[in-house]
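Engineer: Please see the structure below; I have some questions.
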Amino acid sequence: MIARLLAELGEARVFFAGIDDVEPLYAGASSPVVDLDRDLLEPVAEPEQVGEVLVLARTPADLRRIATLHKLLPQAERVVVAVLDTPATHPAPVPMPTPAHRWRSLTDLRVYQPKNRVWVVEARFSGATPAGRTVAATARAFAGHRLDVITAPAAAIAGVGAADWRPGDPNATPAKVTGPVPERVGAPGSDMVLRTLDATTADRQDDAPLPIANGSPTPPTPIERPTLTAVSWERLGRPGMSGSPLADPDVLGEPTMIPPVDERLVNPQGFVTTPANGMASLAERDGRWSVVLDGKVVTSFAESGGVTDADVARLRQIRGVEVDWRHAHSGPLAAVRVLAGLATAGVPLVADAVPRWAGALGEEIIRLIELRPDVSDDLEDDLSREEYSIRLRRAALRTHGVAARWEQLGAPAPAPPLTSVLLATRRTDMVAFALGQIARQRDVQLEVILALHGVPAGHPDVAAAIAAFEWPLTVIEADRQAVFGEVLNTAAARASGSFLLKMDDDDWYGPDFVSDLLLAHSYSGAQVVGTVPEFVYLSSIDVTVHRRQITEQITSFVAGGTILVERSAFQAVGGFRPLRRSVDTQFQEAMQAAGGQIYRTHGLGYILRRGPAANHTWQEPIGTFLQRNRRQWRGFHPNALMALDGSPHL
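So this is what it looks like as structure tokens:
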């Protein structure tokens, strides 16, 4: 494919990332070729103008690193972006030409798939136009067209491989290694600066990095991190390197020493609950780690240790991965980076005691790995495997995500979002239970809008439950004849959170239910997040069933008692229809018709209570819940993540 593109664009300037076999690129191109992973590309005073630009990325994750550097690409009348290894789950990457005034010179846009897993975007313009716009728009298309700018601070990056630290951030400012940071429309160019150092400077022992001018009176002192070559096993093993700070396990042991995981693409999406294949091993092949199954390489990781969405897609049918610490990738930080990426994707990891040099994994991930030395036995059970995966991915997303990493580096943490729980009930005897499920939630900011549907607030059971509840609570009383959809809309109008969450009064919710929904929102970018009734307690026959469901995917439906929606999206579709039943289904249909997306996360934090069908707005016969089951138990049987009486011990 590379040869074909080079032949078609013989005079094009070529830029690439993520490609290991580079000889055909240099041999086939007649114009200069830039390896954005290994070559130093810095800002110039005036943008270069060329006829054609060809941008090659191995995977969508690699393209997002190029998008971070989009300001460094020349201007051209023809821009071709090719991604050579795209997981099948990605839809066609059709760019959105926004903001519109910057695309007025666009005359032709083509998106096509010349062969399986390869996508090409070709844009033509009436005049020379920054090629980076097409790159950034294509990268945004692969990530679902969500807003791509990472939360504060405005960051400047300098040096080889610096884009790894702000993947998919077109708002980042590339700078020269020696500075200055280019200004931004009359303002300082950045709030923080990260600079990578090569092998000649990375192991210096002074504590005073040279400040980089950024247009402010007090330029920030850059955060300095070593490049890949500076911390390879080969270099660290050279004579005289024992005194280098980079050989100190305490220095290597900080999570801030490795670039973050691009959780917009490397995340739990696509997790398979019943994999077809057994355990694989993480073993060295040609100086780097590869996942090997039955003697065959499933995927090999980049020399840098960066895990891509294509790598993860190839591992989804594997039950788990055993780590061989004795032969660890290209260097200690690169090895940790591989494991951080796998953990973020929810790939179950099995290992002996974690060596000291791998401390950058973070305390919680290390605790989980070392807590389960016999985890390979537990991974044979699908439910235990998923429980372990969820705990691992939670820890990894919160330790190694992009926003988390920059907070660890000193960026101010944004205020946590407020989630407004919409709780409508007709049953006085369920108010205390429902508020108790909300009170269990941890690591979130909540308020509750309690909509009493024909229920007086002064009823003894209701009043006692309200008095005992410690979260912020607003009570509204609706007439019993009011339509259910209108009651919910009235509750939403009283809410002040940036997220609205509809919960039911009789279902069970694990203590991490809300935080898991917010986590899924952060990596999926969907306007609505929820789950399905994977676990159902059939109260009339005292049986708990575990149903076959596909989770961690973009979908068309989630359970009504789990709907988390962005407030702005809720308002855009007009809220719930004024209906007595089917309000959840109709709301989700409206959201999709408006162009919104619904994401279904794991179902292990929610148990649906099912009594007689007449007692529910969703009137499905009990027999429906006895079909397509993985297993069932007598009595109430919560899984470990529910953390209820009767849950297995974690």
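Just so you know, we're using the numbering used here here: the sequence shown kicks off at 6 and counts up by one. Beta carbons are placed, not taken as given, at the ideal position from N, Cα and C, and that holds for glycine.
Looking at the unbroken beta strand (DSSP E) that takes in leucine 111, where does it start and where does it end?
Structural biologist: The residue you call residue 111 lines up with position 106 of the sequence shown. Its beta strand (DSSP E) spans residues 111-120.
Engineer: DSSP state of threonine 201, grouped into three classes?
Structural biologist: Within the sequence shown, residue 201 is the residue found at index 196, counting from 1. Reduced to three states, the DSSP call for threonine 201 is strand.
Engineer: From the DSSP output, which residues share a beta bridge with threonine 560?
Structural biologist: Locating residue 560 in the sequence shown gives position 555, where the first residue counts as 1. In the DSSP output, where bridge partners are listed per residue, threonine 560 has Ile603.
Engineer: Which stretch, first to last residue, makes up the alpha helix (DSSP H) that contains glutamine 714?
Structural biologist: Outside the displayed range of the chain (6 to 655) lies residue 714, so it cannot be described from this structure.
Engineer: For phenylalanine 438, collect the residues of the same chain with a Cβ closer than 8 Å to its Cβ; drop the 5 residues on either side in sequence, then sort them by chain order.
Structural biologist: Taking the sequence shown and counting its residues from 1, the one referred to as residue 438 is at position 433. Taken in chain order, the residues that qualify are Asp510, Asp511.
Engineer: Taking its Cβ as the centre, do 16 or more other Cβ atoms sit within 10 Å of isoleucine 546, making it buried, or is it exposed?
Structural biologist: Here residue 546 refers to the residue found at position 541 of the sequence shown. Here isoleucine 546 is exposed. Its C-beta has fewer than 16 other C-beta atoms within 10 Å.
Engineer: Using a Cβ-Cβ cut-off of 7 Å (strictly less than) and excluding sequence neighbours within five positions of glycine 149, which residues of its own chain qualify?
Structural biologist: Mapped onto the sequence shown, residue 149 falls at position 144. Cβ within range, chain order: Gly530, Gln602.
Engineer: Rounded to whole angstroms, what is the Cα-Cα separation between methionine 262 and leucine 233?
Structural biologist: Along the sequence shown, read from residue 1 onward, the residue named residue 262 stands at position 257. Along the sequence shown, read from residue 1 onward, the residue named residue 233 stands at position 228. Straight-line Cα distance between these residues: approximately 11 Å.
Engineer: Express the C-alpha separation of serine 587 and serine 195 in angstroms, rounding to a whole number.
Structural biologist: Counting from one through the sequence shown, the residue named residue 195 turns up at place 190. Counting from one through the sequence shown, the residue named residue 587 turns up at place 582. Roughly 49 Å separates the two Cα atoms.
Engineer: Buried or exposed for proline 104, going by 16 or more other Cβ atoms inside 10 Å?
Structural biologist: Translated into the one-based positions of the sequence shown, residue 104 becomes position 99. Looking at its Cβ environment, which holds fewer than 16 other Cβ atoms inside 10 Å, proline 104 is exposed.
Engineer: Mark histidine 4 as exposed unless 16 or more other C-beta atoms lie within 10 angstroms of its C-beta, in which case mark it buried.
Structural biologist: Nothing can be reported for residue 4, as the shown portion of the chain is limited to 6 through 655.
Engineer: If you compare alpha carbons, which of Glu308, Gly325, Ala345, Val312 is closest to histidine 334?
Structural biologist: On the sequence shown, residue 334 is found 329 positions in, with the first residue counted as 1. Closest option to histidine 334, Cα to Cα, is Glu308.
Engineer: For valine 453 and leucine 478, which I take to be in contact (beta-carbon distance under 8 Å), what is that distance rounded to the nearest angstrom?
Structural biologist: As a working note, residue 453 is residue 448 in the sequence shown. As a working note, residue 478 is residue 473 in the sequence shown. About 5 Å; that satisfies the 8 Å criterion.
Engineer: Can you find the residues in the same chain that come closer than 7 Å, C-beta to C-beta, to asparagine 282, ignoring five residues on each side of it along the sequence?
Structural biologist: Against the sequence shown, residue 282 aligns to sequence position 277. Excluding positions up to five away in sequence, the list reads Leu298, Gln322, Ile323, Arg324.
Engineer: What would DSSP say about asparagine 282, mapped onto helix, strand or coil?
Structural biologist: Looking up residue 282 in the sequence shown gives position 277. It is a strand residue.
Engineer: Does the CB of alanine 252 have a neighbour CB from chain C at under 7 Å?
Structural biologist: Here chain C cannot be found, since the structure has a single protein chain.
Engineer: Is DSSP giving glutamine 450 helix, strand or coil here?
Structural biologist: Numbered from 1 along the sequence shown, position 445 holds the residue referred to as residue 450. Three-state result, glutamine 450: strand.
Engineer: Tell me whether threonine 183 is buried or exposed, calling it buried when 16 or more other Cβ atoms sit within 10 Å of its Cβ.
Structural biologist: Along the sequence shown, one-based indexing puts residue 183 at 178. The C-beta of threonine 183 has fewer than 16 other C-beta atoms within 10 Å across all chains shown, which makes the residue exposed.
Engineer: Around the C-beta of glycine 15, are 16 or more other C-beta atoms found within 10 angstroms, so that it is buried, or is it exposed?
Structural biologist: Looking up residue 15 in the sequence shown gives position 10. Exposed.
Engineer: Nearest CA to the CA of proline 227: which residue from Arg243, Ala167, Gly245, Val126?
Structural biologist: Along the sequence shown, one-based indexing puts residue 227 at 222. Of the candidates Arg243, Ala167, Gly245, Val126, the one whose C-alpha sits nearest the C-alpha of proline 227 is Ala167.
Engineer: Just to confirm my understanding: we take proline 264, look at its own chain, exclude 5 residues before and 5 after, and list those with CB closer than 6 Å. What are they?
Structural biologist: Within the sequence shown, the letter at position 259 stands for residue 264. Hits under 6 Å: Asp169, Trp170.
Engineer: Opposite methionine 508 in the DSSP bridges: which residues?
Structural biologist: Taking the sequence shown and counting its residues from 1, the one referred to as residue 508 is at position 503. Bridge partners of methionine 508: Leu428.
Engineer: Evaluate glutamine 632 with the Cβ neighbour count: other Cβ atoms within 10 Å of its Cβ, from every protein chain shown; 16 or more gives buried, anything less gives exposed.
Structural biologist: The count along the sequence shown starts at 1 and reaches residue 632 at position 627. Result: exposed.
Engineer: Using three-state DSSP, classify glutamate 239 as helix, strand or coil.
Structural biologist: The residue given as residue 239 occupies position 234 in the sequence shown. DSSP places glutamate 239 in helix when its eight states are reduced to three.
Engineer: According to the neighbour-count rule (16 or more other Cβ atoms, all chains shown, within 10 Å of its Cβ), is aspartate 316 buried or exposed?
Structural biologist: In the sequence shown, residue 316 corresponds to position 311, counting from 1. Burial call: buried.
Engineer: At what residues does the beta strand (DSSP E) containing valine 60 begin and finish?
Structural biologist: The residue labelled residue 60 in the question sits at position 55 within the sequence shown. 57-62 is the extent of the beta strand (DSSP E) around valine 60.
Engineer: Excluding the 5 residues preceding and the 5 following leucine 45 in the sequence, name in chain order all residues of the same chain whose CB lies nearer than 8 Å to its CB.
Structural biologist: The residue you call residue 45 lines up with position 40 of the sequence shown. The answer, listed in chain order, is Gly164, Val165, Val182.
Engineer: Beta carbon of valine 534, beta carbon of leucine 569: below 7 Å?
Structural biologist: Reading the sequence shown from its first residue, position 529 is the one you call residue 534. Reading the sequence shown from its first residue, position 564 is the one you call residue 569. For valine 534 and leucine 569, yes; Cβs fall inside 7 Å.
Engineer: Pull up the DSSP beta-bridge partners for phenylalanine 21, would you.
Structural biologist: If you number the sequence shown from 1, residue 21 lands on position 16. Paired residues: Asp40, Leu61.
Engineer: List in chain order: all unbroken alpha helix (DSSP H) runs of 4+ residues lying wholly within the segment 495-547.
Structural biologist: Taken in chain order, the complete alpha helix (DSSP H) segments of 4 residues or longer contained in the segment 495-547 are 518-529.
Engineer: Between the alpha carbons of arginine 639 and phenylalanine 518, how many angstroms are there, rounded?
Structural biologist: Here residue 639 refers to the residue found at position 634 when the sequence shown is read from its first residue. Here residue 518 refers to the residue found at position 513 when the sequence shown is read from its first residue. Approximately 24 Å, taken between the alpha carbons.
Engineer: Using DSSP bridges, identify the partner residues of phenylalanine 130.
Structural biologist: Indexing the sequence shown from 1 puts residue 130 at position 125. Bridge partners of phenylalanine 130: Leu111.
Engineer: Taking all protein chains shown into account, do 16 or more other C-beta atoms lie within 10 angstroms of the C-beta of methionine 435, making it buried, or fewer, making it exposed?
Structural biologist: On the sequence shown, residue 435 is found 430 positions in, with the first residue counted as 1. Flag for methionine 435 reads buried.
Engineer: Under 6 Å Cβ to Cβ from valine 19, same chain only, skipping five residues before and after it: list those, please.
Structural biologist: Taking the sequence shown and counting its residues from 1, one reaches residue 19 at position 14. Excluding sequence neighbours, valine 19 sits near Ala34, Val38, Leu59.
Engineer: Please go through the same chain and pick out, in chain order, the residues whose beta-carbon is closer than 6 Å to the beta-carbon of alanine 500, but skip the five residues on each side of it.
Structural biologist: Numbered from 1 along the sequence shown, position 495 holds the residue referred to as residue 500. Closer than 6 Å at Cβ, skipping near neighbours: Ser425, Ile454.
Engineer: Would you call tryptophan 476 buried or exposed, if buried means 16 or more other Cβ atoms sit within 10 Å of its Cβ?
Structural biologist: Position 471 of the sequence shown, counted from the first residue, corresponds to residue 476. Exposed is the call here.
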